[in-house]
Amino acid sequence: MAAICGMHPTAAYGDDLSARLGFGGAVRVGVPVPLTVVLPPLPYAGPGRIEVDAPVLGRTEGEAVTTTVVPFVAVAGVRRTFETPIQLGDIRRPLEVRVSIGGRERLRQAVPIDPQKVGGRVAVEISDSASGLAPLGGLPERVVTAYVGPEALPRRWQEYAAIDLLVARDLDPARLDQAQRDALVMWVRLGGRLVVIAPPGAPSLDALDDILPASIGTPAVVASEPSPPAGASLPSGPYPVDALRPHPGASARRAGGIPVIAGAHAGAGWVQMWGFDPGAPPFAGWPGRTALWQAALGPAGVSPVQVDAAAEQLPAAPAIDPLVHAEVGGAVLAYLAALYLIGRHGLTRSRVLAAAAAVLLAAAVFWRLAGDVRARSTSVVEATFLEQAPDTAAARAMTVGTVAVPYGGRYTVRVPAGSVVMPVTASGALRIVVTDEATLLDGVLENGEARAFAATAAVASSARADLSPDGRALRVSLGARARRAELHWGHRWYWIGDAGPDSTIVLDPKGWESGGGETTAHDRSWVFVGPNDDAIISPTTPLFVGEIQPGAPVFQLADGGGLDRRPTILLLPVGRR
Amino acid sequence: MANAVLRGDLRARGSSRKIRIMELAYLGILALLLLLGLPPELNQHDPSRGSVGLALALLGVQVVLVTYFASACAAQEIAVEGERPAVDLAFGPFSRRTIVAGKSLATLATIVYWELLALPLLILAMEIRRLPLGALGGVCALVTLQAWAVAQIGLLCGIVFEAEFTRTLAHWTALLAIFVATLALPDAFRWANPVVAAAQAAAGAMPVLGAACYTALGLGAGGLAYAALRRFGTP
Chain A
97 MAAICGMHPT
107 AAYGDDLSAR
117 LGFGGAVRVG
127 VPVPLTVVLP
137 PLPYAGPGRI
147 EVDAPVLGRT
157 EGEAVTTTVV
167 PFVAVAGVRR
177 TFETPIQLGD
187 IRRPLEVRVS
197 IGGRERLRQA
207 VPIDPQKVGG
217 RVAVEISDSA
227 SGLAPLGGLP
237 ERVVTAYVGP
247 EALPRRWQEY
257 AAIDLLVARD
267 LDPARLDQAQ
277 RDALVMWVRL
287 GGRLVVIAPP
297 GAPSLDALDD
307 ILPASIGTPA
317 VVASEPSPPA
327 GASLPSGPYP
337 VDALRPHPGA
347 SARRAGGIPV
357 IAGAHAGAGW
367 VQMWGFDPGA
377 PPFAGWPGRT
387 ALWQAALGPA
397 GVSPVQVDAA
407 AEQLPAAPAI
417 DPLVHAEVGG
427 AVLAYLAALY
437 LIGRHGLTRS
447 RVLAAAAAVL
457 LAAAVFWRLA
467 GDVRARSTSV
477 VEATFLEQAP
487 DTAAARAMTV
497 GTVAVPYGGR
507 YTVRVPAGSV
517 VMPVTASGAL
527 RIVVTDEATL
537 LDGVLENGEA
547 RAFAATAAVA
557 SSARADLSPD
567 GRALRVSLGA
577 RARRAELHWG
587 HRWYWIGDAG
597 PDSTIVLDPK
607 GWESGGGETT
617 AHDRSWVFVG
627 PNDDAIISPT
637 TPLFVGEIQP
647 GAPVFQLADG
657 GGLDRRPTIL
667 LLPVGRR
Chain B
-2 MANAVLRGDL
8 RARGSSRKIR
18 IMELAYLGIL
28 ALLLLLGLPP
38 ELNQHDPSRG
48 SVGLALALLG
58 VQVVLVTYFA
68 SACAAQEIAV
78 EGERPAVDLA
88 FGPFSRRTIV
98 AGKSLATLAT
108 IVYWELLALP
118 LLILAMEIRR
128 LPLGALGGVC
138 ALVTLQAWAV
148 AQIGLLCGIV
158 FEAEFTRTLA
168 HWTALLAIFV
178 ATLALPDAFR
188 WANPVVAAAQ
198 AAAGAMPVLG
208 AACYTALGLG
218 AGGLAYAALR
228 RFGTP
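As you go down the protein sequences, you meet chains A and B in turn.
Sequential numbering from 97 applies to the first sequence in the working numbering.
Sequential numbering from -2 applies to the second sequence in the working numbering.
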């Protein structure tokens, strides 16, 4: 639990207001983390809102905050719980949670962020007892560990973004609601790492069976070995285990011939199942336990898409509708012509009055025209990166959108429900209104300034690509035609061009190239040609990259304005079969 | 209208072809600047330079044009058809008070009319960039005051200097002193520059001291013009 302090002096009834930040207080900067606000029963009813000020490091003077707003309808005497994603930018200052009902502030709490809980990497254990992850604390890469109950698991898979490893130790899936289970499964499929500990007596895990690498078998005992081999991967018995039944394709490690660790990919994620209790003897004192946990933690997960670089690839100030300028020019000319016609034969009293009337009319028309010009020149440019989770029907869709208000001023952008949207660089002068229907981004920009946002969602997609064992043929099943396709591997890329929905591409070993988009005659995708061609980092395994038709727009300006869309970039991990 | 000089000047200016040309030139320049400044990339925010933006640049041009045209007419540098100079009126049946008050009010009315004509263009330029329109009233009042004060100096030059060359030289010296020399003042006194003062007013910080000084300058120049008319034997 995050420590709660800073009670508002006038909120005497607010003793029970509580806010849980992150996972047992463990957070990471720059990614969505869950914030749960529990409102005590209050004697007020009516429209209310929760406002959370998250401090950010801004270039503006003074203390900049990003405000997240959750509107709700208060019911007197009822305890309410709200969960919303928050992005942290400046951990030196506390979050401020304010609750207003009926237009008046009723409660206020400050939620400080413990610097010890801000991780380079974060491992979270779902457990009733706060123990087990201690070996990870000794690793050189500053791993923050935390222990939470099942109720702390978020209901949006995007809010797991801070977690590098989730350990389900005492997890009874029956204690999770459907939204929590769905979010957990989706997070794993889209790249999460999960370790499920299932010692003898563990509850049934049927609800998570889709992503587990094994089923729980029968209780067994690993026998004692009088002289265990040097460097054994697991300690010698005797100790009780669950004999796991690995699913096809899963790897297994055995102790005394009994499968006690099973691991397998689940989409883009990785799940391990341990049939023993690592906190109990002989594991508790076993020298190899750190290596076991380190292997479970794995290397730091890196998305192939560099969001900030992708945002730089998008034009910050798209071309303004030329009709806007023509409208203004026409209106100004009409005004001058009217004044000329009124005054061409000299000014009498009536003509002065006519000129005054023309001025008043022009003032009203120009004022409206100015609003129209500003609204029509406001624009958003967006591009979506679709990262297919292998062997699943899901893909992670990250849409980067750049909002520009060329003349400066306010903007309101609507993002549909299902996406979690955050600014690419934490920034002040921004309100994020989270409702069940949509997320609204409401902010102010100076002229010439642009602001980039990243919206993350899961979408249905079943694309796949396989490379033949000899590496000479690539079979793709995309569901739609891809243009400007390339195969990337390390720092090299192979130009494919157009690829049909189901096609086989014969690869010429001499066709591999390296270097940026300016060194080739190929008509490469926009993502590789532009001010920052590092938007997609060099993959260590083969990756099919191609342009596909974009789906429905993600960022929509609420007050009208231009929408410019780049083709969606499909990122398809290539298997070998 | 009890003041015959005011009545005569307004009638002359109302039917003057030169005044019409001046108005068209004034509004045409402002409109051209407005249109040229529409591409937003020309108006990008540069915090390091404390940029005032093109909308405020438009205001600066307006200050210069209105002030110059008003003072040039008052100094007879631009002779308005049918409008009699103050020196000529001094030999007529008018008192010094009538002449100075009439000329002064005619200039003020002309400035207000010009300000009014440019108001829609300023509204368009400022509203597009979401500059606070609430400050526009104060800005217009300040610009009117500044232009009137400088025009009073023009009136004084028209009375004191009989030779056209000397009068023009004195008028331009006064203009350069007010618009250029004041830029060399320390920051604390930069409100003395009409353009800087107008920009400050547009930013919501009305330079009250500057407005007071220009009021005093206008009244002082009017007083001196009143005194200067004595040498013609005008009562």
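Every residue, glycine too, gets a C-beta built ideally from N, C-alpha and C.
This one's a predicted model, so the numbers in the text were calculated from it and none came from an experiment.
CB-CB under 6 Å to W111(B), same chain, minus the five flanking residues each way: which ones, in chain order?
V63
So, does the CB of P117(B) fall closer than 8 Å to a CB anywhere in chain A?
yes
Applying the 10 Å Cβ sphere with the 16-neighbour rule, what's the burial state of R46(B)?
In this prediction, R46(B) has a pLDDT of 46, which is less than 50 and means its spatial position is unreliable; nothing more can be read from the coordinates.
Proximity test, Cβ basis, 8 Å: L24(B) and chain A:
yes
Residues of chain B with a CB under 8 Å from the CB of G439(A): which are they?
R17 and E20
Could you name the residues of the segment 66 to 85 of chain B whose beta carbon sits closer than 9 Å to any beta carbon of chain A, in the order they occur along the chain?
none
How about A548(A) and V520(A): do their beta carbons lie closer than 8 Å?
yes
In terms of residues, what are the limits of the alpha helix (DSSP H) holding I150(B)?
L133 to V157
Exposed or buried, T170(B), counting other C-beta atoms within 10 Å across all chains shown (16 or more means buried)?
Burial call: exposed.
From the DSSP output, which residues share a beta bridge with D404(A)?
The partner list for D404(A) (beta bridge, DSSP) is empty, contrary to what the question assumes.
Please report how far the alpha carbon of F372(A) lies from the alpha carbon of R265(A), in whole angstroms.
Put simply, the backbone Cα of F372(A) is about 10 Å away from that of R265(A).
Would you check if there are 3 or more beta carbon pairs closer than 8 Å linking the segment 210 to 229 of chain A to the segment 239 to 256 of chain A?
The segment 210 to 229 of chain A, when compared against the segment 239 to 256 of chain A, does touch it at the 8 Å Cβ threshold.
Is the CB of V469(A) under 8 Å away from at least one CB in chain B?
With 8 Å as the cut-off, V469(A) counts as an interface residue toward chain B.
Residue range of the alpha helix (DSSP H) that T95(B) falls in?
Looking at the DSSP string, the run of the alpha helix (DSSP H) that includes T95(B) is R93 to I125.
By DSSP, does T495(A) sit in helix, in strand, or in coil?
strand
To the nearest angstrom, how far is it from the Cα of R661(A) to the Cα of V477(A)?
6 Å
Between A534(A) and R510(A), is the Cβ-Cβ spacing less than 8 Å?
yes
What are the residues in the segment 503 to 522 of chain A lying within 9 Å of chain B by C-beta distance?
So the close ones are Y503, G504, G505 and R506.
Whether V641(A) touches A581(A) by CB criterion (8 Å):
yes
L432(A) versus chain B: which residues are under 8 Å apart at the beta carbon?
Residues of chain B passing the Cβ test: L21, L24, G25 and A28.
Along the chain, where does the beta strand (DSSP E) containing P512(A) start, and where does it finish?
G505 to P512
Per-residue DSSP class, three states only, for L668(A):
The answer is strand: DSSP assigns L668(A) an E or B state.
Shortest alpha-carbon distance to A319(A) belongs to which of G505(A), V291(A), L301(A) and V356(A)?
Comparing alpha carbon positions, the residue from G505(A), V291(A), L301(A) and V356(A) closest to A319(A) is V356(A).
Around the C-beta of Q73(B), are 16 or more other C-beta atoms found within 10 angstroms, so that it is buried, or is it exposed?
buried
Do P128(A) and A257(A) count as a contact pair if the criterion is CB distance below 8 Å?
P128(A) sits close to A257(A), with the two beta carbons spaced by under 8 Å.
Any idea if Q143(B) is buried or exposed, counting beta-carbon neighbours within 10 angstroms, 16 or more meaning buried?
buried
Does the beta carbon of F119(A) sit closer than 8 Å to a beta carbon anywhere in chain B?
no
Using 8 Å as the threshold, is the segment 448 to 464 of chain A in touch with the segment 112 to 126 of chain B, meaning 3 or more CB pairs across them?
yes
Beta-carbon separation (whole angstroms), T132(A) vs A160(A), contact threshold 8 Å
Actually they do not touch by this definition, with Cβ atoms about 24 Å apart.
Going along the segment 100 to 114 of chain B in order, which residues come within less than 9 Å of chain A, judged by CB to CB distance?
Taking 9 Å as the Cβ-Cβ cut-off, the segment 100 to 114 of chain B approaches chain A at Y110, L113 and L114, given in chain order.
Beta-bridge pairing of T480(A) - partner residues as DSSP gives them
In the DSSP output, where bridge partners are listed per residue, T480(A) has T495(A).
Work out the CA separation of G658(A) and A546(A) for me, nearest whole Å.
14 Å
Closest by C-alpha distance to S475(A), when choosing among A316(A), H421(A) and G656(A):
G656(A)
My guess is that G505(A) and R127(B) are in contact by the Cβ rule of under 8 Å, so how many angstroms apart are they, rounded?
4 Å
Are the CB atoms of M369(A) and V292(A) nearer to each other than 8 Å?
yes
9 Å Cβ cut-off: residues of chain A touching E159(B):
None at all; the shortest Cβ gap to chain A is about 31 Å.
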